[in-house]
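Colleague: Under our numbering, the first residue of the sequence shown is numbered 1, with each subsequent residue one higher. Note that CB positions come from ideal geometry on N, CA and C, so glycine has one too.
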Amino acid sequence: MSHNEDLEEKKLLGSGGYVFAKLTEKEELKANLGVPQIFLSNVRRLSEDRFTKYYCNKCTKEYPGSPTISYENPNEELGQGVILIEKGEYRCRTCNNIIAFYRKFNK
Ligand SMILES: [Zn+2]
1 MSHNEDLEEK
11 KLLGSGGYVF
21 AKLTEKEELK
31 ANLGVPQIFL
41 SNVRRLSEDR
51 FTKYYCNKCT
61 KEYPGSPTIS
71 YENPNEELGQ
81 GVILIEKGEY
91 RCRTCNNIIA
101 FYRKFNK
């Protein structure tokens, strides 16, 4: 990882919990959409080494490290030129609860 990149630890909210992850300023701006909260679904996929800890609503417990990240690239045509490029999920390593999920479209 480049030392020029200024990574800052942020709290990112998901539907089933929250995570703490290190973001660049650019990623943060892209994800917060003008509100004080940052949503993990807006950041989409981050590599596991960016996560410091996560909280699972179902376990009501905080865990060190990253949730399990899984994703697929269906490249599914949804009509009117919209293509679903990627869909992914962040899940609790202990109970498999979905912490957050995201969708990435071509536009
Ligand atoms: Zn859990």
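1) Anything with a beta carbon under 5 angstroms from a heavy atom of ligand 1 counts; list them all in chain order.
2) Excluding the 5 residues preceding and the 5 following Gln37 in the sequence, name in chain order all residues of the same chain whose CB lies nearer than 7 angstroms to its CB.
3) Quick one: residues in its chain with C-beta nearer than 6 angstroms to the C-beta of Phe101, no 5 flanking neighbours on either side, listed in chain order?
4) Please work out which residues of its chain come closer than 6 angstroms, Cβ to Cβ, to Tyr77, disregarding the five sequence neighbours upstream and downstream, and give them in chain order.
5) Figure out for me which residue from Lys26, Ser15, Lys11, Glu86 has the closest Cα to the Cα of Ser70.
6) Can we say the stretch 52 to 66 touches the stretch 26 to 34, given the rule of at least three CB pairs closer than 8 angstroms?
7) Below 8 angstroms on the Cβ atoms is my contact criterion, and I expect Arg93 with Tyr63 to pass it. Report the Cβ-Cβ distance as a whole number of Å.
8) Comparing alpha-carbon positions, which option in Glu25, Arg45, Gly79 lies nearest Lys104?
Modeller: Checking against the coordinates, here is how it stands:
1) Cys56, Lys58, Cys59, Cys92, Thr94, Cys95, Asn97
2) Leu13
3) Contacts found: Glu89.
4) Sequence inspection shows Glu at residue 77; the Tyr mentioned does not correspond to that position. So the list reads Ile83, once near-sequence residues are dropped.
5) Glu86
6) no
7) 7 angstroms
8) Arg45
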